[in-house]
Each structure stands twice: as C-alpha cells, then as structure tokens.
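Below is one structure, written out as structure tokens; the observations come after it.
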Amino acid sequence: GAGVSQSPSNKVTEKGKDVELRCDPISGHTALYWYRQSLGQGLEFLIYFQGNSAPDKSGLPSDRFSAERTGGSVSTLTIQRTQQEDSAVYLCASSLSGAPNEKLFFGSGTQLSVL
Amino acid sequence: AQSVTQLDSQVPVFEEAPVELRCNYSSSVSVYLFWYVQYPNQGLQLLLKYLSGSTLVKGINGFEAEFNKSQTSFHLRKPSVHISDTAEYFCAVSDEAGFKTIFGAGTRLFVKA
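So the sequence lines, in the order shown, correspond to chains A and B. For the first sequence, the numbering used here gives the first residue as 22, with consecutive numbering after it. For the second sequence, the numbering used here gives the first residue as 5, with consecutive numbering after it.
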C-alpha cells in the first residue's frame, strides 16, 4: 500500500500476556518511529530506527518493551508481561531519510487494551 | 534534549471566531518545528512546519504559525475557524542533535456552532 500500515488495529489481551504489534513503513522510507498515545499524555516517543544505525531506544518505558526492524523495513514492537498501564494507542510513523526536517507519515495505530 | 509544552489541553471556541493554540519548546540547538492535526477517527497529518527563513509559516486549511526564537514559541493561529476544524492539534520539535521528533501533549480544539 501507499501508506504506513499497522496491524492489528485492535488488540485485547490479559494482564501478564505478551503482545506483538507490527508496522509496515512506506516503501523506501529508511526511518521508522514508534510512539504511544494515551489520554492526556500526547504522543510519547518510544524508539527510532534510522537505516542500519543502532536504534534510539531512549523512550522505551521499561525493559518489558522491545522493538526490532528486520531488513530495514517491517518493525515489530513487543510488550512482555503486559500491564494495565500499557493500554494505549501505539502509533508507527516513517520518514524518507530520518533527517530532522522531514515530515512524518503516520499509520492508523494499534489500540491495545490490557484487561 | 528537546521538549515541547502545549499550554492548553482543551480550547472551546465558537464558529468563525479566531483561535490561537500555544506551543513552547526547548532545545539547545537550531530547531525544526511542526504542527500535526488528528481529526476524529483519523491518523495524524502534517499541518505546517518551520525549517528556516520567514518566521511566519502558512499551512493547510487556513492555519498559520509564527516562530519566535526569543520566546521559544511556535503558536498556531487561524483567523476564523469552522466546525470541521474540531480536532486534536500536536506541536512537535526536532533538531540536529537528537534527530527524533518529540511531540507535545496535544490541544483539543472544539468548534461550536
């Protein structure tokens, strides 16, 4: 497709379970970002991949969160032992080269609900 | 490190009235500034951006923003709003030091008839 694709669009899980969220960036975009959107918290930066460079993981809230990007394209965000406070919309974005003056293209997000 | 503060969480306004959504940032180096908009049940999209040059930036749907370096602000304005402008607006900053884009908490604009 032409845009950033995220799956699933909705995920309901039980506390303590692991979840995987997927992001397909726009073809040819070398930079990929994960953000978390919670009510009243805005968009919280989680992690940033740029080409083959080591990812910027400075926004990951705990060691239960991890992300990888295979082959410079698809990315998976994994949350282990989910907690209720992990409930949020997880947004993925991509940009052409990762330069700081570029606009970000966002996916529609994954709504995660932890019961 | 960069940071962004949006001073108003919600702004109610009547249709055809002017509106200003406030944004202040901090950064130790030259910055790039953005406003993104999220309409109900839609994804985020770019409204406008400041990279360099003229401090007054015009975006889509009649919005504009002014970069004020001395006040470290990038407030968003529209002289006359429409019902269709009801959305959440996010200010964002990136710079040559951090590269990643940092967003504010968002301002929810309600336009009333």
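Where a beta carbon is used, it is the ideal one built from N, C-alpha and C, also for glycine. Keep in mind it's a predicted model, so treat the numbers as computed, not measured.
Inset, instruction - Could you tell me the distance, in whole angstroms, from the CA atom of residue 95 (chain B) to the CA atom of residue 110 (chain A)? - result: Here residue 95 (chain B) refers to the residue found at position 91 when the second sequence is read from its first residue. Here residue 110 (chain A) refers to the residue found at position 89 when the first sequence is read from its first residue. Using only the alpha carbons, I get a separation of about 18 Å.
Inset, instruction - Could you check the C-alpha separation between residue 39 (chain A) and residue 133 (chain A) for me, to the nearest Å? - result: Counted from its first residue, the first sequence places residue 39 (chain A) at position 18. Counted from its first residue, the first sequence places residue 133 (chain A) at position 112. Taking the straight line from one Cα to the other gives about 12 Å.
Legend entry - Identified DSSP bridge partners for residue 127 (chain A): Taking the first sequence and counting its residues from 1, one reaches residue 127 (chain A) at position 106. Residue 127 (chain A) has A:114 as its beta-bridge partners, per DSSP.
Inset, instruction - Starting from residue 40 (chain B), follow its DSSP beta bridges and name the residues at the other end. - result: Numbered from 1 along the second sequence, position 36 holds the residue referred to as residue 40 (chain B). In DSSP, residue 40 (chain B) forms a bridge with B:50 and B:94.
Inset, instruction - Please confirm whether residue 38 (chain B) and residue 50 (chain B) have their CB atoms less than 8 Å apart. - result: Here residue 38 (chain B) refers to the residue found at position 34 of the second sequence. Here residue 50 (chain B) refers to the residue found at position 46 of the second sequence. Cβ atoms of residue 38 (chain B) and residue 50 (chain B): closer than 8 Å.
Inset, instruction - Please decide whether residue 69 (chain B) counts as near chain A, where near means a Cβ-Cβ distance under 8 Å. - result: Against the second sequence, residue 69 (chain B) aligns to sequence position 65. False, the Cβ-Cβ gap to chain A never drops below 8 Å.
Inset, instruction - Pick helix, strand or coil for residue 100 (chain B), following the three-state DSSP scheme. - result: Your numbering for residue 100 (chain B) matches position 96 in the second sequence. In the structure shown, residue 100 (chain B) sits in coil (DSSP, three-state: anything other than H, G, I, E or B).
Legend entry - Own chain partners of residue 105 (chain B) with C-beta closer than 8 Å, once the 5 adjacent residues on each side are dropped: Here residue 105 (chain B) is taken as the residue at index 101 of the second sequence, counted from 1. Counting only Cβ-Cβ distances below 8 Å, and skipping sequence neighbours, we find 38, 96, 97 and 98.
Legend entry - At least 3 beta-carbon pairs within less than 8 Å: the segment 68-86 of chain A vs the segment 30-38 of chain A: no
Inset, instruction - For the beta strand (DSSP E) containing residue 44 (chain A), list its first residue and its last residue. - result: If you number the first sequence from 1, residue 44 (chain A) lands on position 23. It spans 40-45 - the beta strand (DSSP E) in which residue 44 (chain A) sits, taken as one unbroken run.
Legend entry - residue 105 (chain A) - DSSP class collapsed to helix/strand/coil: The sequence position of residue 105 (chain A) within the first sequence is 84, counting from 1. In this structure, residue 105 (chain A) counts as helix in the three-state DSSP scheme.
Inset, instruction - Specify, as a first and last residue, the run of the beta strand (DSSP E) that residue 72 (chain B) falls within. - result: Your numbering for residue 72 (chain B) matches position 68 in the second sequence. Where residue 72 (chain B) is concerned, the enclosing beta strand (DSSP E) stretches over 68-72.
Inset, instruction - May I ask whether a heavy atom of the ligand NAD can be found less than 7 Å away from the beta carbon of residue 113 (chain B)? - result: Among the components modelled here there is no ligand, and therefore nothing to report on the ligand NAD.
Inset, instruction - Just tell me which of B:31, B:21 and B:25 has its CA closest to the CA of residue 76 (chain B). - result: Counting from 1 along the second sequence, the entry for residue 76 (chain B) is found at position 72. If we check each option's Cα against that of residue 76 (chain B), B:31 comes out closest.
Inset, instruction - Would you list the one or two residues that DSSP bridges to residue 80 (chain B)? - result: Residue 80 (chain B) sits at position 76 when you count from the first residue of the second sequence. BP columns for residue 80 (chain B) point to B:25 and B:69.
Inset, instruction - Give the straight-line distance between the Cα atoms of residue 55 (chain B) and residue 80 (chain B), rounded to the nearest whole angstrom. - result: Along the second sequence, one-based indexing puts residue 55 (chain B) at 51. Along the second sequence, one-based indexing puts residue 80 (chain B) at 76. If you take the alpha carbons of residue 55 (chain B) and residue 80 (chain B), they lie about 15 Å apart.
Legend entry - Residues of its chain near residue 99 (chain A), where Cβ-Cβ distance is below 6 Å and the 5 sequence neighbours each way are ignored: Translated into the one-based positions of the first sequence, residue 99 (chain A) becomes position 78. Around residue 99 (chain A): 41 and 87.
Legend entry - For residue 59 (chain A), three-class secondary structure by DSSP: In the first sequence, residue 59 (chain A) corresponds to position 38, counting from 1. It is a strand residue.
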